[in-house]
């Protein structure tokens, strides 16, 4: 009879498998195995793409994952601040961007984005100074920062001036390529 020998063989394999240290116990405690084929995806890159697509809440989640992986460095702080700005969370955005420029005073994009937050909060004088700092830090290489500075100075000199009259908006920028345009704060 062949059936009992198959049962015995299966039982022997199961007994041998139970004796190995594989599975969920490595000997130093229980662990959860990773997903097959899992690779680390750069949360900042994912967040930047989501910001460009207008998915600000998802971008914030991606930036939060990046901060968990990389820590709260100047890039993650700036990205989190920019996403919060786009979501209309101006207080959170301001705090995060101020931390970013404290950590790296030469990060022009963070200075610019802080200036955008300050403009949205109606703090035009401080925003103009922050845009000046961003422009100087960037050595005048960014058209977006220059345009933001020009608009802030125009508002500072003439409080009745409205960028909407000339169909101009303040623009967010990020490290690397790309920019985000601020249309209106929600």
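Numbering (our numbering), first residue to last: 21 to 206.
Note that CB positions come from ideal geometry on N, CA and C, so glycine has one too.
Note down the Cα distance separating residue i from residue j, rounded to an integer number of angstroms.
i: residue 114; j: residue 136; result: 9 angstroms
i: residue 160; j: residue 151; result: 11 angstroms
i: residue 218; j: residue 94; result: Because the chain here runs from 21 to 206, residue 218 falls outside it and cannot be looked at.
i: residue 139; j: residue 133; result: 10 angstroms
i: residue 169; j: residue 142; result: 15 angstroms
i: residue 155; j: residue 167; result: 10 angstroms
i: residue 66; j: residue 79; result: 7 angstroms
i: residue 179; j: residue 148; result: 13 angstroms
i: residue 75; j: residue 106; result: 10 angstroms
i: residue 162; j: residue 85; result: 29 angstroms
i: residue 117; j: residue 110; result: 10 angstroms
Let me check understanding here. Comparing Cα to Cα, which of the options lies closest to residue i?
i: residue 104; options: 174, 172 and 82; result: 82
i: residue 60; options: 118, 88 and 75; result: 88
i: residue 90; options: 145, 153, 131 and 62; result: 62
i: residue 125; options: 109, 112 and 153; result: 153
Since residue i contacts residue j with CB under 8 angstroms, what's their CB separation in whole angstroms?
i: residue 128; j: residue 157; result: 4 angstroms
i: residue 70; j: residue 99; result: At roughly 11 angstroms, the Cβ-Cβ gap does not stay under 8 angstroms, so residue 70 and residue 99 are not in contact.
Check: Going along the chain, which unbroken runs of the beta strand (DSSP E) with 3 or more residues stay wholly within the stretch 53-115?
Finding: none
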